[in-house]
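**Student:**
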Amino acid sequence: MGMLRRMYERYRSHMILFLLLHPTFYFTIYLAMITDYRAEILVVLLVKTFDIATKIIIMTQVFDKREVSRELSQILHAPLHGVMPYMGMLLYTPLIFMGLT
C-alpha cells in the first residue's frame, strides 16, 4: 500500500509528474514509431497503457472515493512476492525483442 500512496501523492500534486514516472511508456511510443507500428510493440504499448490506467483507477477508488471492496483491500494489503518487481522486465523484454527483429 505504501507504493500506491507514494504514486497517489505524485498524482495528486500534478498528473504530468505522475506520467513522467513512467519513462518506459514514452520509450514504447518511440519504439512504436521507429518500427512502423509493429504488432508486438503495439501490444507492449497497450499493456503499458492499461497498467497506467489501472493504477489511476485504483488510486481514485482507494484515496478519493474511499470505496474499496473487501477483496481489493485484501489484495492491496497482501505482501508482494520477491519476483514481482522483475515481472515487467520478464514480460516486456521478449515482446520488445520480437518487435525489433
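In terms of the numbering used here, the sequence shown opens at residue 1 and continues consecutively.
Don't be surprised by glycine CBs; every beta carbon is placed ideally from N, CA and C.
Since the structure is predicted, the reported quantities are computational estimates derived from the model, not experimental observations.
Got a sec? Which residues, its chain only, sit under 8 Å from Leu19 by beta carbon, not counting five neighbours each side?
**Tutor:** Residue 19 sits at position 19 when you count from the first residue of the sequence shown. Closer than 8 Å at the Cβ level, and outside the excluded window around Leu19, lie Phe25, Ile52.
**Student:** Should Ile34 be labelled buried (16 or more other beta-carbon atoms within 10 Å of its own) or exposed?
**Tutor:** Here residue 34 refers to the residue found at position 34 of the sequence shown. By the neighbour-count criterion, in which 16 or more other beta carbons inside 10 Å mark a residue as buried, Ile34 falls on the exposed side.
**Student:** Measure the beta-carbon distance from Thr28 to Leu45 and round it to whole angstroms, keeping in mind my assumption that it falls under 8 Å.
**Tutor:** Here residue 28 corresponds to residue number 28 of the sequence shown, with the count starting at 1. Here residue 45 corresponds to residue number 45 of the sequence shown, with the count starting at 1. About 5 Å separates the two Cβ atoms, so the contact holds.
**Student:** Could you tell me the boundaries of the alpha helix (DSSP H) in which Thr93 lies?
**Tutor:** The residue given as residue 93 occupies position 93 in the sequence shown. 87-100 is the extent of the alpha helix (DSSP H) around Thr93.
**Student:** Please tell me whether Tyr11 and Met59 are closer than 8 Å, where the distance is taken between their beta carbons.
**Tutor:** For the purposes of this step, residue 11 is taken as the residue at position 11 of the sequence shown. For the purposes of this step, residue 59 is taken as the residue at position 59 of the sequence shown. For the 8 Å CB-CB criterion, Tyr11 and Met59 form a contact.
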